[in-house]
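Protein chains in written order, with our numbering: chain A, 1 to 125; chain B, 1 to 170.
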């Protein structure tokens, strides 16, 4: 699996996203990290292993105080990648809108602006 | 439990738990002051497509559009950085003036999909609104993680949090 797919695979899980969101606020120990989750420590450890393998976090090795640290590089890659697609379409369609306008307002000789027949408006009077 | 994490690491093949069938959906809507048939042509007539396809600062230097099922969709873009970017796909749905769908893959220098694991598809639906057209564009099939970016509030706030974190580091 390429690094980007691995990042997304990691992010597919709500617990892992919550872990990352918590770590974005600062490094904490595994125990503290596990507290808000209704999960056993081994279950949390399993998630941490997945995150670690994907290079999204780092765990310090001291037995007592295993602090988890967020590693931003892969996340930034995923964030940029999705943003690229959104920008692609938003900007392309913006350009299409301008082009349509040019096309219909005399950019092309055969493209007279079409006027719709005035709708008969029924007046109250 | 000093050795626990090592064994957990070995057995935790958690990529398998990713629901592959549901992907991220990027959705863009636009109301265009043009009749539906003309908007449809924007996508199906290469002479029109080259005029707008690509983000600001990009130029579409070449395109192939064969708007029938199984037909090709191909475009080459040059960006402000001078880099040539190529995208290719196959039409999977063509309903004149109403609906179009084609697969989408960025190509590498050798003309092979840049992200072979990634199958994405673009679906365009057009709705006539008097003289105007409501365009809906969906880009589907991104890794499921990101899907939540649109649908799942929890993810949104997580992502905001992460985005802020990344911004601080930039």
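Even glycine gets a Cβ: it sits at the ideal position worked out from N, Cα and C. Predicted, not measured: the structure shown is a model, and the values here were computed from it.
Thinking C-alpha only, which one of the options is nearest residue i?
{"i": "residue 49 of chain B", "options": "A/17, A/101, A/16 and A/95", "result": "A/95"}
{"i": "residue 86 of chain B", "options": "B/64, B/97, B/70 and B/100", "result": "B/64"}
{"i": "residue 89 of chain A", "options": "B/123, B/80 and B/128", "result": "B/123"}
{"i": "residue 96 of chain B", "options": "B/60, B/30, B/42 and B/132", "result": "B/42"}
{"i": "residue 68 of chain A", "options": "A/21, A/27 and A/20", "result": "A/27"}
{"i": "residue 91 of chain B", "options": "B/116, B/71 and B/31", "result": "B/71"}
{"i": "residue 20 of chain A", "options": "A/70, A/100 and A/105", "result": "A/70"}
Roughly how many angstroms separate the alpha carbons of residue i and residue j, rounded to a whole number?
{"i": "residue 112 of chain B", "j": "residue 58 of chain A", "result": "34 Å"}
{"i": "residue 84 of chain A", "j": "residue 106 of chain B", "result": "12 Å"}
{"i": "residue 125 of chain B", "j": "residue 36 of chain B", "result": "10 Å"}
{"i": "residue 34 of chain B", "j": "residue 93 of chain A", "result": "13 Å"}
{"i": "residue 45 of chain A", "j": "residue 103 of chain B", "result": "39 Å"}
{"i": "residue 87 of chain A", "j": "residue 78 of chain B", "result": "16 Å"}
{"i": "residue 137 of chain B", "j": "residue 57 of chain B", "result": "21 Å"}
{"i": "residue 56 of chain A", "j": "residue 39 of chain B", "result": "43 Å"}
{"i": "residue 121 of chain A", "j": "residue 129 of chain B", "result": "Legend: pLDDT at residue 121 of chain A = 46, less than 50; position of this residue unreliable, no value from coordinates given."}
{"i": "residue 134 of chain B", "j": "residue 73 of chain B", "result": "23 Å"}
{"i": "residue 51 of chain B", "j": "residue 9 of chain A", "result": "37 Å"}
{"i": "residue 130 of chain A", "j": "residue 99 of chain B", "result": "The first residue shown for chain A is 1 and the last is 125, placing residue 130 of chain A beyond what the model contains."}
{"i": "residue 77 of chain A", "j": "residue 102 of chain A", "result": "37 Å"}
{"i": "residue 6 of chain A", "j": "residue 80 of chain B", "result": "30 Å"}
{"i": "residue 39 of chain A", "j": "residue 114 of chain B", "result": "38 Å"}
{"i": "residue 72 of chain A", "j": "residue 132 of chain B", "result": "44 Å"}
Going by beta carbon distance, what residues of the same chain come within less than 7 Å of residue i, once the five residues before and after it are set aside?
{"i": "residue 66 of chain A", "result": "29, 30, 59 and 60"}
{"i": "residue 80 of chain A", "result": "none"}
{"i": "residue 12 of chain A", "result": "none"}
Between which residues of its own chain and residue i is the CB-CB distance below 6 Å, once the five residues before and five after are set aside?
{"i": "residue 15 of chain A", "result": "47"}
{"i": "residue 75 of chain B", "result": "53, 60, 63 and 87"}
{"i": "residue 68 of chain B", "result": "94"}
{"i": "residue 26 of chain B", "result": "139"}
{"i": "residue 127 of chain B", "result": "134"}
May I ask which residues mark the beginning and end of the alpha helix (DSSP H) holding residue i?
{"i": "residue 32 of chain A", "result": "30-34"}
I'd like the list of long-range same chain contacts for residue i, defined as Cβ closer than 8 Å, with 5 residues on each side in sequence excluded.
{"i": "residue 45 of chain B", "result": "65"}
{"i": "residue 41 of chain A", "result": "30, 31 and 34"}
{"i": "residue 22 of chain A", "result": "28, 33 and 36"}
{"i": "residue 52 of chain A", "result": "58 and 59"}
Identify the continuous beta strand (DSSP E) that holds residue i and give its terminal residues.
{"i": "residue 61 of chain A", "result": "No beta strand (DSSP E) contains residue 61 of chain A, which DSSP labels as neither H nor E."}
Which residues, in order along the stretch 25-54 of chain B, keep a beta-carbon less than 8 Å from a beta-carbon of chain A? 26, 28, 30, 32, 33, 34, 35, 38, 39, 42, 48, 51, 52, 53 and 54
Query raised in the report: Going along the stretch 111-140 of chain B in order, which residues come within less than 8 Å of chain A, judged by CB to CB distance?
Result: 115, 117, 118, 130, 131, 135, 137 and 139
Original post:
Using a Cβ cut-off of 9 Å, which residues of the stretch 51-81 of chain B contact any Cβ in chain A, in chain order?
Top reply: 51, 52, 53, 54, 55, 56, 57 and 58
Check: In chain order, what residues of the stretch 63-86 of chain A put their CB closer than 8 Å to some CB of chain B?
Finding: 63, 70, 72, 75, 76, 78, 79, 82, 85 and 86
**Message:** Can you pull out the residues from the stretch 16-43 of chain A whose beta carbon lies closer than 7 Å to at least one beta carbon of chain B?
**Reply:** 17, 18, 20, 21, 24 and 42
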